Amino acid sequence: MKRIAVLGSGTAGLHLSYALVSRGPFEVTVYTDRSPEEVRSGRVSSTQVHFGAARAREAAYGMPAWEQGPDLESIHVTVGGQKLFTGRLERPAKSVDQRAYFARCMEDLEAKGVSFVYGRVDEERLQELAPAYDLLVDCSGKRGPLAPFPQLEELSPVPAPQRKCSVGYFHGVAPLEPSGVSISILPGAGELFEIPALTAQGPVTILFIEAVPGGPLDAFGGIKTAESFRDRIRAVVDSHFPAVAARLDGERFGLCDERGFVQIAVQPSVHRPYCTVGGTLVLGCGDSVVLNDPITGQGCNTASYCAEQLVLTLAEELGRPWDEQTGEAYWRRIRDHVTEVTTWTNAMMGPLPDHAVGLLMAGAGDPSTADRIAGWFADPRTAYDDLFRAAAGT
Ligand SMILES: Cc1cc2nc3c(=O)[nH]c(=O)nc-3n(C[C@H](O)[C@H](O)[C@H](O)COP(=O)(O)OP(=O)(O)OC[C@H]3O[C@@H](n4cnc5c(N)ncnc54)[C@H](O)[C@@H]3O)c2cc1C
Numbered sequence: 006m007k008r009i010a011v012l013g014s015g016t017a018g019l020h021l022s023y024a025l026v027s028r029g030p031f032e033v034t035v036y037t038d039r040s041p042e043e044v045r046s047g048r049v050s051s052t053q054v055h056f057g058a059a060r061a062r063e064a065a066y067g068m069p070a071w072e073q074g075p076d077l078e079s080i081h082v083t084v085g086g087q088k089l090f091t092g093r094l095e096r097p098a099k100s101v102d103q104r105a106y107f108a109r110c111m112e113d114l115e116a117k118g119v120s121f122v123y124g125r126v127d128e129e130r131l132q133e134l135a136p137a138y139d140l141l142v143d144c145s146g147k148r149g150p151l152a153p154f155p156q157l158e159e160l161s162p163v164p165a166p167q168r169k170c171s172v173g174y175f176h177g178v179a180p181l182e183p184s185g186v187s188i189s190i191l192p193g194a195g196e197l198f199e200i201p202a203l204t205a206q207g208p209v210t211i212l213f214i215e216a217v218p219g220g221p222l223d224a225f226g227g228i229k230t231a232e233s234f235r236d237r238i239r240a241v242v243d244s245h246f247p248a249v250a251a252r253l254d255g256e257r258f259g260l261c262d263e264r265g266f267v268q269i270a271v272q273p274s275v276h277r278p279y280c281t282v283g284g285t286l287v288l289g290c291g292d293s294v295v296l297n298d299p300i301t302g303q304g305c306n307t308a309s310y311c312a313e314q315l316v317l318t319l320a321e322e323l324g325r326p327w328d329e330q331t332g333e334a335y336w337r338r339i340r341d342h343v344t345e346v347t348t349w350t351n352a353m354m355g356p357l358p359d360h361a362v363g364l365l366m367a368g369a370g371d372p373s374t375a376d377r378i379a380g381w382f383a384d385p386r387t388a389y390d391d392l393f394r395a396a397a398g399t
């Protein structure tokens, strides 16, 4: 039986492990640096909206289902304080706090016979592990990559983080109807996302500010405590997003727990997702090799997509030793998708091109255009088609 080591147990490592278990026979060992308990009691790190395709994979692999919590049925778009439209998603999306989601999946996988080894993996440990496996998969996320994958310059054109991200999980935000992700764009300053989500403490609304560095939303420097984070986000929302401020309940408005907030800036970077270490093939999956700014909410969905394609590649190559040819076959499968997601995401951080503005304005008067734009998030290929292929006349 082929032996596979999965390094990391975030979205990529977990979707991959479930896919491997459901497609077997593979002997899977997960090496990761945090136990389920540490994950559960840790800090939030994402807004983790999983769209229809990722959710369908979760169901197909038998991953834990999350019946409770809000279904996200739509995308609300506001530009410069003017509500443009609400587009319907074909299939509901969902956001479940990764602390609860990851911890439960790790325990469930362990119960299904997947071995977990806890501790940090570094270059030396990678060298030690390589000879014992037919394949290592680097799912170490944005702290990675652990393996020496070459960076792809053509897909890594952004020289520095384009946004400062401030995320808090709040009680006391009255939801919009129909339930969905709300995007308020302040051209030149950044964006506010509102995302109804499920946590161990019950439903919350995530407020997520993407601030252009140095602009008026870049107001979170020096924040250390949950209380000061809450006060600062309240002040920013009051000043710049009055329609959202009107839905905050002054009494109840507060973080769901002390670790329910995070600040981060992402340096986008894409690596070719294969190399060898000590003669063993190492593949990359998730943020370790495809790291984009969260503005389009694609990281988990891309990690899930790549995990599926990785397992399909292995299934095709089952009868031969896994080597760089296997790595190239995996990269061929995911390259178009990675290119489309990355190009779209990087473009969303600059001034919107005229035809993109035109489409958003058209969405205001035409429900089918509004639905099509909502669909960009569920299927980024359509965003690429509308914004780049159509604009280039291809
Ligand atoms: C603010 C923000 C909002 C976001 N919102 C969305 C969204 O709405 N939708 C969406 O699809 N994506 C979103 N993303 C992106 C998404 O969270 C990530 O793309 C996704 O979680 C990546 O999964 P991953 O498994 O690659 O990495 P992670 O989920 O980060 O997992 C990495 C794993 O590797 C482990 N690890 C790391 N280093 C080591 C080491 N040296 N040794 C051992 N273990 C190690 C970690 O403990 C963890 O288990 C958002 C990101 C941010 C920052």
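Last residue of the sequence shown? That's 399 in my numbering, and every number before it is there in order. Beta carbons are placed, not taken as given, at the ideal position from N, Cα and C, and that holds for glycine. Predicted model only: the values in this text are computed from it and were never measured.
Length of the line joining the Cα atoms of residue i and residue j
| i | j | result |
| --- | --- | --- |
| Gly-227 | Ile-238 | 13 Å |
| Leu-197 | Pro-136 | 47 Å |
| Met-6 | Val-316 | 15 Å |
| Leu-365 | Tyr-335 | 35 Å |
| Arg-277 | Pro-155 | 6 Å |
| Gly-57 | Gln-330 | 31 Å |
| Ala-361 | Gly-92 | 16 Å |
| Asp-371 | Val-343 | 30 Å |
| Cys-290 | Gly-255 | 42 Å |
| Leu-392 | Thr-374 | 13 Å |
| Val-126 | Ser-274 | 21 Å |
| Ser-51 | Arg-252 | 23 Å |
| Gly-363 | Gly-284 | 52 Å |
| Val-271 | Ser-46 | 23 Å |
| Cys-170 | Ile-300 | 9 Å |
| Pro-218 | Ser-244 | 18 Å |
| Pro-358 | Ala-194 | 16 Å |
| Tyr-123 | Gly-13 | 10 Å |
| Cys-311 | Val-242 | 36 Å |
| Ile-339 | Glu-42 | 33 Å |
Simplified DSSP state of residue i, which is helix, strand or coil
| i | result |
| --- | --- |
| Ala-194 | coil |
| Lys-147 | helix |
| Ala-179 | coil |
| Cys-311 | helix |
| Arg-96 | strand |
| Pro-208 | strand |
| Phe-246 | coil |
| Ala-320 | helix |
| Thr-37 | strand |
| Ala-165 | coil |
| Tyr-389 | helix |
| Val-26 | helix |
| Asp-8 | Note on identity: in this sequence residue 8 is Arg, with Asp being the wrong assignment. Here Arg-8 sits in strand by DSSP. |
| Pro-201 | strand |
Residue i CB to nearest heavy atom of ligand 1 below 7 Å
| i | result |
| --- | --- |
| Thr-37 | yes |
| Cys-305 | yes |
| Leu-12 | yes |
| Leu-311 | It should be pointed out that residue 311 corresponds to Cys in this sequence rather than to Leu. Not under cutoff, so the answer is no. |
| Ser-145 | yes |
| Asp-113 | no |
| Ala-308 | yes |
| Val-172 | yes |
| Thr-52 | yes |
| Ile-269 | yes |
| Ala-135 | no |
| Val-209 | no |
| Ser-293 | yes |
| Pro-221 | no |
| Pro-428 | Within the shown structure, residues of the chain are numbered from 6 to 399, placing residue 428 beyond reach of any answer. |
| Val-316 | no |
Under 8 Å between C-beta atoms of residue i and residue j
| i | j | result |
| --- | --- | --- |
| Leu-19 | Phe-107 | yes |
| Ile-80 | Ile-188 | yes |
| Val-346 | Thr-307 | yes |
| Ala-231 | Asp-223 | no |
| Glu-95 | Ala-367 | no |
| Tyr-389 | Thr-348 | yes |
| Val-294 | Pro-150 | yes |
| Met-354 | Gln-53 | no |
| Lys-99 | Arg-148 | no |
| Leu-77 | Ser-233 | no |
| Ala-320 | Arg-104 | no |
| Ala-70 | Tyr-36 | no |
| Phe-175 | Phe-246 | no |
| Val-287 | Asp-139 | no |
| Val-33 | Val-119 | yes |
| Gln-206 | Cys-261 | yes |
| Gly-26 | Lys-117 | The question names Gly, but residue 26 is Val in the sequence shown. Cβ atoms of Val-26 and Lys-117: closer than 8 Å. |
| Gly-74 | Leu-203 | yes |
| Arg-48 | Arg-377 | no |
Residue i beta carbon near ligand 2 (any heavy atom closer than 7 Å)
| i | result |
| --- | --- |
| Gly-57 | What this structure holds is ligand 1, not ligand 2. |
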